[in-house]
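Below is one structure, written out as structure tokens; the observations come after it.
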Amino acid sequence: TSLAAGIQPDATGANQITDESYTDQLFTAISPGFRKLRHEKLGCPGETTVTMVNGGLCTYPKGSQLAEALNFLHAHKDKVALVTIDMGVNDVLVANCIVGLSVDVNCLLATFNQVALNLADILTALRDAAAPGTPIIGMNYYNTFLAAWLAPLQPQGQIFAMQSDLLAQLFNGSLQATYGAFGIPTADVAGAFHASDFTTMVPFPLPAPNNMVPLNVALLCQLTYMCAPAPVGPNIHANALGYWVIAGAFLDVLGAP
Numbered sequence: 011t012s013l014a015a016g017i018q019p020d021a022t023g024a025n026q027i028t029d030e031s032y033t034d035q036l037f038t039a040i041s042p043g044f045r046k047l048r049h050e051k052l053g054c055p056g057e058t059t060v061t062m063v064n065g066g067l068c069t070y071p072k073g074s075q076l077a078e079a080l081n082f083l084h085a086h087k088d089k090v091a092l093v094t095i096d097m098g099v100n101d102v103l104v105a106n107c108i109v110g111l112s113v114d115v116n117c118l119l120a121t122f123n124q125v126a127l128n129l130a131d132i133l134t135a136l137r138d139a140a141a142p143g144t145p146i147i148g149m150n151y152y153n154t155f156l157a158a159w160l161a162p163l164q165p166q167g168q169i170f171a172m173q174s175d176l177l178a179q180l181f182n183g184s185l186q187a188t189y190g191a192f193g194i195p196t197a198d199v200a201g202a203f204h205a206s207d208f209t210t211m212v213p214f215p216l217p218a219p220n221n222m223v224p225l226n227v228a229l230l231c232q233l234t235y236m237c238a239p240a241p242v243g244p245n246i247h248a249n250a251l252g253y254w255v256i257a258g259a260f261l262d263v264l265g266a267p
């Protein structure tokens, strides 16, 4: 998705593709171990499990991101060192199950289920196209809705933030189960962002009562543009440090130092 493309807002708030994506940073970290390794960057901002298969958002010679990936895997077979995939979060965002601080839980659960079904089809195709033994790593997601903890409307914002954590855990659990069914490990990005840690309170540069906030909220603000002032924020995308933390979750799976 946009995380593989490296999307970040510029000074006007417009999203731009950068060379600081988690795949760029992961490539920088692992490339010294491969003399001729190159980075095939196919991520598409806004991509869903539907558009990845059918196309329509980004331009690919083969028509869709999945078709392009399958063509590359067929063409290079045993020369592929690693395949990474992040997919599903945009399905949740475009489903409009969350409006303001209101959540349609049934809508979300139906979306989670559809993502799992679509992702299974995508993973089947990738596994079939890749050479046996080709490493594939998926990922779960950090929770941008934690920023509601700092919303002017309280305690509703904090209640919503905690509710969003429960739903994010369900979504990430579904992703991990789907990847696991194909023998694909999941990079624990949510864990790297300490996305469920409401217990550890840390100093925060706002007046009381927000001079102390939960660790998960503080890290979301530190690693993304969700808490940046307008026009740059709020923006769901990671900053350079955030993209490195995501890459680090993949490195943890690879067992890299």
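The sequence shown begins at 11 in this note's numbering and counts up by one. We put the beta carbon where it would ideally sit given N, CA and C, even for glycine.
Quick test of the definition: if touching needs 3 or more C-beta pairs under 8 Å, does the region 232–241 touch the region 16–33? These segments touch.
Hey, could you find the ends of the beta strand (DSSP E) H247 is sitting in? The sequence position of residue 247 within the sequence shown is 237, counting from 1. N245 to A248 is the extent of the beta strand (DSSP E) around H247.
What residues in its chain sit with their C-beta under 8 Å from that of F214, if we drop five residues either side in the sequence? Taking the first residue of the sequence shown as position 1, residue 214 is located at position 204. Closer than 8 Å at Cβ, skipping near neighbours: N220, N221, M222, V223, V227, A228 and C231.
Under 9 Å between the Cβ atoms of L129 and Y189? Position 119 of the sequence shown, counted from the start, is the residue given in the question as residue 129. Position 179 of the sequence shown, counted from the start, is the residue given in the question as residue 189. It is a contact, given that the beta carbons lie within the stated cut-off.
Grab me the residues of A205's own chain with a C-beta within less than 6 Å of its C-beta, minus the 5 sequence neighbours each way, in chain order. As a working mapping, residue 205 is identified with position 195 in the sequence shown. Within the same chain, A205 has close Cβ partners Y152, N153 and N226.
In this structure, does DSSP put Q164 in helix, strand or coil? Taking the first residue of the sequence shown as 1, we reach residue 164 at position 154. Note: Q164 maps to coil in three-state DSSP.
Return the chain-ordered ranges of every alpha helix (DSSP H) run that is complete within the region 45–85 and spans a minimum of 4 residues. Runs of the alpha helix (DSSP H) lying entirely within the region 45–85 and spanning at least 4 residues, in chain order: 59–64.
Could you tell me whether the Cβ atoms of I147 and P195 are closer together than 9 Å? As a first step, residue 147 must be located in the sequence shown, where it is residue number 137. As a first step, residue 195 must be located in the sequence shown, where it is residue number 185. It is a contact, given that the beta carbons lie within the stated cut-off.
Determine the direct distance from the alpha carbon of V113 to that of S74, and round the result to whole angstroms. Along the sequence shown, one-based indexing puts residue 74 at 64. Along the sequence shown, one-based indexing puts residue 113 at 103. Looking at the two C-alpha atoms, the distance is approximately 32 Å.
Can you tell me which of A91, L216 and D96 puts its alpha carbon nearest to the alpha carbon of L52? If you number the sequence shown from 1, residue 52 lands on position 42. It is D96 whose Cα lies nearest to the Cα of L52.
Measuring CB to CB, does R8 end up less than 9 Å from F82? Here the chain comprises residues numbered 11 to 267, so residue 8 is not present and cannot be evaluated.
Does T94 come out as helix, strand or coil in the three-state DSSP assignment? Position 84 of the sequence shown holds residue 94. In this structure, T94 counts as strand in the three-state DSSP scheme.
When burial is assigned at 16 or more other CB atoms within 10 Å of the CB, is H247 buried or exposed? As a position in the sequence shown, residue 247 is number 237, starting the count at 1. Burial call: buried.
Can you tell me where the alpha helix (DSSP H) holding G201 begins and where it ends? Start at 1 with the first residue of the sequence shown, and residue 201 comes out as number 191. First-last of the alpha helix (DSSP H) with G201: V199 to A202.
Quick test of your reading: V93 and T144, contact by CB under 8 Å. State the CB separation rounded to the nearest angstrom. The count along the sequence shown starts at 1 and reaches residue 93 at position 83. The count along the sequence shown starts at 1 and reaches residue 144 at position 134. About 6 Å separates the CB atoms of V93 and T144; that is less than 8 Å, so the two are in contact.
Hey, would you say V255 sits closer than 9 Å to V199, going by beta carbons? For the purposes of this step, residue 255 is taken as residue 245 along the sequence shown, with counting starting at 1. For the purposes of this step, residue 199 is taken as residue 189 along the sequence shown, with counting starting at 1. Yes; because the gap between Cβ atoms is below 9 Å, this pair is in contact.
Beta-carbon proximity list for G243, same chain, < 8 Å, skipping 5 on both sides: Numbered from 1 along the sequence shown, position 233 holds the residue referred to as residue 243. For G243, where only same-chain residues beyond five positions count, the Cβ hits under 8 Å are P19, G23, Y235, M236 and C237.
Applying the criterion that 16 or more other CB atoms from any shown protein chain within 10 Å of the CB defines a buried residue, is I169 buried or exposed? The sequence position of residue 169 within the sequence shown is 159, counting from 1. Exposed, by the Cβ-count rule.
By the DSSP assignment, the beta strand (DSSP E) with I146 in it spans what residues? Position 136 of the sequence shown, counted from the start, is the residue given in the question as residue 146. Note, I146: beta strand (DSSP E), I146 to M149.
What's the call for T11, buried or exposed, on a 16-neighbour Cβ count within 10 Å? Within the sequence shown, residue 11 is the residue found at index 1, counting from 1. With 16 or more other Cβ atoms within 10 Å, it is buried.
Going along the chain, which residues of its own chain have a beta-carbon closer than 8 Å to the beta-carbon of M211, five neighbours each way excluded? Numbered from 1 along the sequence shown, position 201 holds the residue referred to as residue 211. Once the five neighbours on either side are set aside, the close Cβ partners of M211 are M222, V223, P224 and L225.
At what residues does the alpha helix (DSSP H) containing V115 begin and finish? What you label residue 115 is simply residue 105 of the sequence shown in a count that begins at 1. It spans V115 to A139 - the alpha helix (DSSP H) in which V115 sits, taken as one unbroken run.
Output the distance between the C-alpha atoms of V63 and Q179, rounded to the nearest integer angstrom. Looking up residue 63 in the sequence shown gives position 53. Looking up residue 179 in the sequence shown gives position 169. The alpha-carbon atoms of V63 and Q179 are separated by roughly 26 Å.
Local conformation of Y189 per DSSP, three classes: Walking along the sequence shown from the start, residue 189 turns up at place 179. Here Y189 sits in helix by DSSP.
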